[in-house]
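Position 16 (the sequence shown) corresponds to 15 in numbering that gives the first Met the number 0; numbering is contiguous. Data first, discussion second: the structure below is written as structure tokens.
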Amino acid sequence: MTASLIDGALISRHLLESLRPRLAALAVRGIKPGLAAILVGENPASEVYVRNKTRACSDLGLKSEVHRLNADCAEAELLGLVQRLNVEPSIHGVLLQLPLPPHLDADGITRKIVASKDVDGFSWENLGALVAGRPQLAPCTALGVMAMIDHEAIPLEGANAVVVGRSVAVGKPTALMLISRGATVTVCTSKTRDLARHTREADIVVVAVGKPATVTGEMLKPGAVVFDVGINRLPDGKITGDVDFASASLVASRITPVPGGVGRMTVAALIENTVRAAETLSVVV
Ligand code: GUN
């Protein structure tokens, strides 16, 4: 079997286009959603991610701004910026691009972003809402995977899903969303003994550990649907995912490519979260 591609470029465009009526409804009320990204230091990958996010904003007519701080900035300076953005009325989403330089407490500072503007969905309030089955602003990559599942009309009720990875950003929220939609979910990690024993039972496999070839074709059930969340740079500069695409695509029925797969969806989900935040923050009571 040769898998068909789940096209992140196409599906993310659909998702972004579907936001236009909501943007128009906000515009009638004089509201233009605004996203503020904070970049600390000069991490080349972070530069690319932030550029993609701000470009998606301008393509759709959202306001976006990037705040750059030096790699050796004091924590107080960063916290001051977060606090200013928390109360800035023209900004509805605040995103602290990770990773931060090691002298800064990434978790602690991330949690200073007010939950109503936490478009990454990393605050305890937003993560708690997700655990409770009442998601508000949820983590973008997990939302992106779910949007692909829905676009492809992949049945979830009763399906066996394996999530490889337990990060707060991807693994855990994806598992929670799959559970809430009726899938039977197994969460594996890089430490799981005999990973293949689990993945071979799965109708849906989501891989997010940050290591190339974590899942290969021989570890898959024929016909499985595979979501590759990894973005790894090889020594030759090429980008590859966490799944061995060549072997996996011979066994899976559908698979996301890297690049051009889940990464595109993360950006689209971030834009949707920013629109959602603008709608919620502007509710008149
Ligand atoms: N660094 C890599 N991915 C992400 C993300 O989704 N959000 C933030 N804030 N930083 C990241």
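Cβ coordinates follow ideal geometry from the N, Cα and C atoms, glycine included. All values reported here derive from a predicted model rather than from experimental measurement.
- Its chain contains Ile5, Gly7 and Asp227 as the residues whose beta carbon lies nearer than 7 Å to that of Gly260, once the 5 sequence neighbours on both sides are disregarded; these appear in chain order.
- Rounded to whole angstroms, the separation of the alpha carbons of Pro172 and Leu249 is 29 Å.
- Burial state of Asp119 is buried, judged by a 10 Å Cβ sphere holding 16 or more other Cβ atoms.
- Rounded to the nearest angstrom, the Cβ distance from Gly236 to Val208 is 21 Å, too far for a contact under 8 Å.
- Comparing alpha-carbon positions, the option among Lys52, Val39 and Asp58 lying closest to Cys72 turns out to be Val39.
- Beta-bridge partners of Glu64 (DSSP): Ala35.
- Distances between the C-beta of Leu126 and the heavy atoms of the ligand GUN are all 6 Å or more.
- Secondary structure note for Gly92: its beta strand (DSSP E) is the uninterrupted segment Gly92 to Leu95.
- Between Val65 and Ala105, the gap from beta carbon to beta carbon reaches 7 Å or more.
- Taken through DSSP and simplified to helix, strand or coil, Cys187 comes out as strand.
- If the five residues before and after Leu175 are omitted, its C-beta is found closer than 7 Å to the C-beta atoms of Leu129 and Val130, all from its own chain and listed in chain order.
- Counting along the chain, Asp243 sits inside no beta strand (DSSP E), nor does DSSP assign it H or E at all.
- Sequence-distant Cβ neighbours of Val113 in its own chain, meaning closer than 6 Å and more than five residues away, are Asn85.
- Ala267 and Leu9 have their C-alpha atoms some 11 Å from each other.
- Here Val274 is actually not in contact with Ala251; their C-beta atoms are around 33 Å apart, not less than 8 Å.
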